[in-house]
Amino acid sequence: MQYDNIQSISDALNGRIPGLLGSSNIRGIGDALFIVDGLPRDISTINLSEVAQITVLKDINASLLYGSAAVNGVVLVTTKRGLAHKHQINVSGYYGISVPTALPKFLSSADFMKLNNEAKVNDGLIAQYDSASLSNYSLGNMYRYPNVDYYSGGYLKSFKPFFRANTELSGGNDVATYYANLGWNQTGSLLNFGEGKNANQNQFNVRGNVDFRINYFIKSSIDAVAVFNNTKGPVGNYWSSASTMKPNLFAPLIPFSLIAPDNAILGELGTTELKARKNDVNGMYLLGGTSSYLTNQIADGYSGGVNENVQRTFSFNNRIDFDLNQLVKGLAFHTNVSFDLYTRYDQAITNTYSVYTPTWDAAVDSIVNLTKDGNDTRTGSQDVSNSYYARRFGF
Numbered sequence: 068m069q070y071d072n073i074q075s076i077s078d079a080l081n082g083r084i085p086g087l088l089g090s091s092n093i094r095g096i097g098d099a100l101f102i103v104d105g106l107p108r109d110i111s112t113i114n115l116s117e118v119a120q121i122t123v124l125k126d127i128n129a130s131l132l133y134g135s136a137a138v139n140g141v142v143l144v145t146t147k148r149g150l151a152h153k154h155q156i157n158v159s160g161y162y163g164i165s166v167p168t169a170l171p172k173f174l175s176s177a178d179f180m181k182l183n184n185e186a187k188v189n190d191g192l193i194a195q196y197d198s199a200s201l202s203n204y205s206l207g208n209m210y211r212y213p214n215v216d217y218y219s220g221g222y223l224k225s226f227k228p229f230f231r232a233n234t235e236l237s238g239g240n241d242v243a244t245y246y247a248n249l250g251w252n253q254t255g256s257l258l259n260f261g262e263g264k265n266a267n268q269n270q271f272n273v274r275g276n277v278d279f280r281i282n283y284f285i286k287s288s289i290d291a292v293a294v295f296n297n298t299k300g301p302v303g304n305y306w307s308s309a310s311t312m313k314p315n316l317f318a319p320l321i322p323f324s325l326i327a328p329d330n331a332i333l334g335e336l337g338t339t340e341l342k343a344r345k346n347d348v349n350g351m352y353l354l355g356g357t358s359s360y361l362t363n364q365i366a367d368g369y370s371g372g373v374n375e376n377v378q379r380t381f382s383f384n385n386r387i388d389f390d391l392n393q394l395v396k397g398l399a400f401h402t403n404v405s406f407d408l409y410t411r412y413d414q415a416i417t418n419t420y421s422v423y424t425p426t427w428d429a430a431v432d433s434i435v436n437l438t439k440d441g442n443d444t445r446t447g448s449q450d451v452s453n454s455y456y457a458r459r460f461g462f
């Protein structure tokens, strides 16, 4: 933590252990077994500030004690414990930003159309777009001739913020010692519109390790961990959709200002659908789309609803150590009982929404008619899906 503020065990291991590929594969033969305080455990929910030591056992002899599951090696994780007559309180917190290493750079509509024409000609087909269309999509009104870059600053921030706070307390006496860790991690979102602006991930973790002496030859320890993780954001998968949507398909937003009024001389009544709308964006835009694209990542972000991924982890173990040195020199044994609970699910309030396809006046950049597809509904009911539950006892 003196060097890079890494918070996860897997990130801490990356590139630091000779022969370790990634964070778990030793010598390329397979993933190692992770042992936390003497028991097999998932390390994904352990904050690095809770860890006192990490030991990587790479040879087969070192892993024999842990059975066939340890054939690919063992990673031993030891968490911190309190020291007698040494009371400590450590509080740390920091705020930072996370910047994408790289984002896809998509072609403009005009360039995409030119290359599309070239590909068709190379295949012996007729070019799809004429020169007038290429000119319009290069220089024309961006709502009438869409040129959408879903990785541009209009939809994404240049960075996302994160915040972390951690408190450690430890101490004790000759009879009992304790160590406690309380942490809060929050990460923002790169999305810069709709529900994406408020998207974030919050993780709260609490750990308590207590050691106490029962008599001169028996001592025990109790460890308990709870982790609460909530990730909230718009429904749908923005990144998957953004990577495949063509830039010239349609304008995601249709401004009211370009819709012809009822008394317009040109064409049909442009505001009939506008007045009947039940949903809009900031009182300025309708959601764009077509009969073939009734949903899209921009409309989902504004009107599709909110999804929250909920994860809960609880771990407990009790160890009792017996020192039988007075009976047989060097003789000792211990017991260990553990319980692990993990649950995960998505809970979403999903809305449906209408999308509109504009009809443009041939002479000027004015919308003279709107074709509506879909319905605007907000049921308010919550759906639970993608649930997973695991419970494990160990002894």
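Going by this note's numbering, the sequence shown opens with residue 68, and the numbers climb by one from there. Cβ atoms here follow ideal geometry from the backbone N, Cα and C, with glycine treated the same way.
Using 8 Å for Cβ pairs, my map puts residue i next to residue j. What's the rounded Cβ distance?
{"i": "G303", "j": "D367", "result": "4 Å"}
{"i": "L206", "j": "K181", "result": "14 Å between Cβ atoms; not a contact."}
{"i": "T145", "j": "T380", "result": "The Cβ separation is near 19 Å, so there is no contact."}
{"i": "T244", "j": "G149", "result": "4 Å"}
{"i": "I76", "j": "L115", "result": "6 Å"}
{"i": "S382", "j": "V292", "result": "4 Å"}
What number of angstroms, rounded off, separates the C-alpha of residue i from the C-alpha of residue j?
{"i": "V422", "j": "P167", "result": "31 Å"}
{"i": "T254", "j": "N265", "result": "11 Å"}
{"i": "R108", "j": "N392", "result": "31 Å"}
{"i": "Y217", "j": "S308", "result": "9 Å"}
{"i": "F229", "j": "N436", "result": "45 Å"}
{"i": "K147", "j": "E117", "result": "6 Å"}
{"i": "D241", "j": "F400", "result": "22 Å"}
{"i": "I289", "j": "V451", "result": "35 Å"}
{"i": "V142", "j": "T122", "result": "6 Å"}
{"i": "D126", "j": "G97", "result": "13 Å"}
{"i": "Q449", "j": "T419", "result": "13 Å"}
{"i": "S358", "j": "L106", "result": "56 Å"}
{"i": "E262", "j": "G86", "result": "44 Å"}
{"i": "G397", "j": "I285", "result": "15 Å"}
{"i": "N233", "j": "N157", "result": "8 Å"}
{"i": "E185", "j": "Y305", "result": "30 Å"}
{"i": "D390", "j": "F279", "result": "14 Å"}
When we look at the beta-carbon of residue i and count the other beta-carbons within 10 Å, is it buried (16 or more) or exposed?
{"i": "M351", "result": "exposed"}
{"i": "I407", "result": "Sequence inspection shows Asp at residue 407; the Ile mentioned does not correspond to that position. Buried, by the Cβ-count rule."}
{"i": "G461", "result": "exposed"}
{"i": "G356", "result": "buried"}
{"i": "F101", "result": "buried"}
{"i": "A169", "result": "exposed"}
{"i": "A177", "result": "buried"}
{"i": "E335", "result": "Residue placement at E335 is flagged as unreliable, the pLDDT there being 47, under the threshold of 50; a coordinate-derived value is accordingly withheld."}
{"i": "G372", "result": "buried"}
{"i": "N189", "result": "exposed"}
{"i": "V294", "result": "buried"}
{"i": "F317", "result": "buried"}
{"i": "A136", "result": "exposed"}
Tell me residue i's beta-bridge partners as DSSP assigns them.
{"i": "G461", "result": "S405"}
{"i": "P228", "result": "I164"}
{"i": "L143", "result": "I102 and T122"}
{"i": "V244", "result": "For clarity, residue 244 is Thr in the given sequence; the question names Val instead. DSSP, once it has assigned bridges, lists G239 and D278 as partnering T244."}
At a cut-off of 8 Å, would you count residue i as near the ligand PLP, judging by its Cβ distance to the nearest heavy atom?
{"i": "S237", "result": "This structure lacks the ligand PLP; in fact it carries no ligand of any kind."}
Which runs of the beta strand (DSSP E), 3 residues or longer, sit entirely within the region 251-324? 267-280, 285-301 and 320-322
Run through the region 381-455 for me and flag every whole alpha helix (DSSP H) of 4 or more residues, listed as ranges in chain order. none
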